[in-house]
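J.: To start, I am sharing the structure in question, which I have written as structure tokens.
Numbering (the numbering used here), first residue to last: 35 to 438.
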């Protein structure tokens, strides 16, 4: 134990004597550990975001999108191919348990007094909330009576709530879309982002308001969310929906579909794939940084062995065992990598917190990830410090004493 303490003291003295070189050597370890901490935290946050996305999207949901077709000339020369009759026919399929048609208007300006905000306005039915796990953070959601009577009511997104009614209760207040007034009946609970889309940017009104009033009457449906009875029936259901819509639209066999069907789980799989790719690339960069740091430690220790050759010769000539000399230089490498690892943890935690705040990313720093990153730094120090330490231990004391 006394020998170990003495070796640690000598190691700290040697590093302090060449502190600037030691700092430069440790930079690679610091960067590598910080990278591992950051990528682990961001990846864990991304995985949690994917799990939240599954919850937000709802289970066993197929999205049916209508394509645009030409219906004439002028400003309203195109129309979606999904009709209310199509929606009704899809709802009667045996494996379908619920259906939620919606229409949307992008970059729509809404105002409240002198304040204005842009929104993605969704026209929905009362089933939208059930299929897409929508919840009200305040007030209520769009109801069946709102849809049946075409009431001018709106559920605001969080973004629009902050811009139009900062610090105020918007429930019961009035907002305008053009010249039309809407009563705010609810605020959507936070949904976050999905595939780079901010779901809190959406606001909601009854579907007839969009299709009949805002779009000029008789507009078709952009998309239909279809809940399937079980996960095993998703593929057969997509085939059945495609066959039904082709028959509804009277499409010849040689014609391509004028609609698309997609399992919403595909969005989640795409997000998981992107997260995995990001994690692999960043782990590789962190590993390369640690490798560079390890090589730096080895080079520094080789220089240290050369500079202290006479010291090594004196120690061995007075009876120092080779393993003690080897242990001393291994401890120096260990001290260097340990200090670099601690600094890397601090930098990684700080950078992760700052990135999460500035970019709005969800991050999750865990104790196991910190321990793994720190252990990697220590292992690098021991691995790359072994050769210089072994070389010092094998020096011939007579040749070492003659070294100039």
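Backbone N, C-alpha and C fix where the C-beta goes; we use that ideal spot for every residue, glycine too.
#1: Residue 418 lies in the beta strand (DSSP E); which residues open and close that run?
#2: Determine whether the beta carbon atoms of residue 327 and residue 266 lie at a separation below 9 Å.
#3: Where do the N-terminal and C-terminal ends of the alpha helix (DSSP H) with residue 145 fall, by residue?
#4: Where in the segment 272-342 do unbroken runs of the beta strand (DSSP E), each at least 3 residues long, occur, reported from the N-terminal end onward?
#5: Per DSSP, residue 218 is paired with what?
#6: With 16 other CB atoms within 10 Å as the buried threshold, where does residue 203 fall?
#7: Pull up the CB-CB distance for residue 363 and residue 339, whole angstroms please, since I reckon it's below 8 Å.
#8: Residue 159 and residue 144 - do their beta-carbons sit closer together than 9 Å?
#9: Assuming residue 118 is part of the alpha helix (DSSP H), what are its boundary residues?
#10: Give me, in chain order, the residues of the same chain whose beta-carbon lies closer than 7 Å to that of residue 235; leave out the 5 immediate sequence neighbours on both sides.
#11: Assign residue 289 to buried or exposed, taking buried as 16 or more other Cβ atoms, counted over all protein chains shown, within 10 Å of its Cβ.
#12: Do residue 259 and residue 133 have their C-beta atoms within less than 9 Å of each other?
#13: Determine whether the beta carbon atoms of residue 206 and residue 218 lie at a separation below 9 Å.
#14: For a quick check, are the C-beta atoms of residue 199 and residue 329 less than 9 Å apart?
#15: Report the rounded CA-to-CA distance for residue 118 versus residue 318, giving the unit in angstroms.
#16: Answer with buried or exposed for residue 352, where buried requires no fewer than 16 other C-beta atoms within 10 angstroms of its C-beta.
#17: For residue 224 and residue 171, which I take to be in contact (beta-carbon distance under 8 Å), what is that distance rounded to the nearest angstrom?
#18: Taking the beta strand (DSSP E) that residue 153 belongs to, which residues open and close that run?
#19: Measure the alpha-carbon distance for residue 106 versus residue 114 and round it to whole angstroms.
#20: To the nearest angstrom, how far is it from the Cα of residue 180 to the Cα of residue 150?
#21: Decide yes or no for the touch test of the segment 392-402 against the segment 369-381: beta carbon pairs closer than 8 Å, at least 3 of them.
#22: What separation, rounded to the nearest whole angstrom, lies between the Cα atoms of residue 102 and residue 292?
#23: Short check: CB of residue 272 to CB of residue 96, under 9 Å?
#24: Between 269, 257, 47 and 244, which lies nearest to residue 186 when the distance is taken from Cα to Cα?
#25: Helix, strand or coil: how does DSSP classify residue 179 here?
#26: Assuming residue 349 contacts residue 359 (C-beta within less than 8 Å), just tell me the rounded distance between them.
#27: Alpha carbons only, please: which of 431, 377, 232 and 416 is nearest the one belonging to residue 447?
#28: Taking its Cβ as the centre, do 16 or more other Cβ atoms sit within 10 Å of residue 256, making it buried, or is it exposed?
#29: Between residue 375 and residue 408, is the Cβ-Cβ spacing less than 9 Å?
#30: Can the beta-carbon of residue 78 be found less than 9 Å from the beta-carbon of residue 385?
#31: DSSP three-state call for residue 95: helix, strand or coil?
#32: Just to confirm, is the Cβ distance from residue 377 to residue 69 under 9 Å?
#33: Is the beta carbon of residue 278 sitting closer than 9 Å to the one on residue 120?
#34: What residues in its chain sit with their C-beta under 6 Å from that of residue 316, if we drop five residues either side in the sequence?
#35: Taking 9 Å as the cut-off, decide whether the C-beta atoms of residue 431 and residue 335 are in contact.
#36: Suppose the cutoff is 7 Å on Cβ atoms and the five residues either side in sequence are ignored; what does the same chain contact list for residue 379 look like?
T.: Working from what's here:
#1: Taken as a continuous stretch (DSSP letters only), residue 418 belongs to no beta strand (DSSP E), being part of the alpha helix (DSSP H) at 401-427.
#2: No, these two residues do not count as a Cβ contact at 9 Å.
#3: Residue 145 -> not in any alpha helix (DSSP H); beta strand (DSSP E) instead, spanning 130-146.
#4: Counting only runs of 3 or more, we get 293-297.
#5: 188.
#6: Residue 203 should be labelled exposed.
#7: Indeed, because the Cβ distance is near 7 Å, the residues count as touching under 8 Å.
#8: It is not a contact, given that the beta carbons lie outside the stated cut-off.
#9: It spans 118-125 - the alpha helix (DSSP H) in which residue 118 sits, taken as one unbroken run.
#10: In the same chain as residue 235, and ignoring 5 residues on each side of it, the C-beta atoms closer than 7 Å to its own belong to 153, 154, 191 and 193, in chain order.
#11: Around the CB of residue 289, fewer than 16 other CB atoms lie within 10 Å, so the residue is classed as exposed.
#12: Yes.
#13: Pairing residue 206 with residue 218 gives a Cβ-Cβ distance under 9 Å.
#14: In this structure, the beta-carbon distance from residue 199 to residue 329 does not fall below 9 Å.
#15: Between the C-alpha atoms of residue 118 and residue 318 there is a straight-line separation of about 52 Å.
#16: Burial state of residue 352 is exposed, judged by a 10 Å Cβ sphere holding fewer than 16 other Cβ atoms.
#17: A Cβ-Cβ separation of about 7 Å places residue 224 in contact with residue 171 under the 8 Å criterion.
#18: Start and end: 149-158.
#19: Any reading at residue 106 is ruled out, since the residue's pLDDT is 48, under 50, leaving its predicted position unreliable.
#20: Roughly 25 Å separates the two Cα atoms.
#21: Because the criterion of three Cβ pairs below 8 Å is not met, the segment 392-402 and the segment 369-381 do not touch.
#22: Roughly 8 Å separates the two Cα atoms.
#23: Cβ atoms of residue 272 and residue 96: closer than 9 Å.
#24: Looking only at 269, 257, 47 and 244, the smallest Cα-Cα distance to residue 186 is reached by 244.
#25: In the structure shown, residue 179 falls within a helical segment according to DSSP collapsed to helix, strand and coil.
#26: Confirmed, about 6 Å.
#27: Nothing about residue 447 can be reported from this structure: the residues present for the chain run from 35 to 438 only.
#28: By the neighbour-count rule (16 or more Cβ atoms within 10 Å), residue 256 is buried.
#29: Going by C-beta atoms, residue 375 is nearer than 9 Å to residue 408.
#30: The answer is no: Cβ separation not under 9 Å.
#31: DSSP places residue 95 in strand when its eight states are reduced to three.
#32: No, the Cβ-Cβ distance between residue 377 and residue 69 is not below 9 Å.
#33: Residue 120 is positioned such that its CB atom lies closer than 9 Å to that of residue 278.
#34: Only 73 meet the Cβ criterion.
#35: When the beta-carbon positions are compared, residue 431 and residue 335 stay at least 9 Å from each other.
#36: Excluding the 5 residues flanking it on each side, residue 379 has same chain C-beta neighbours closer than 7 Å at 67, 71, 404, 407 and 408, in chain order.
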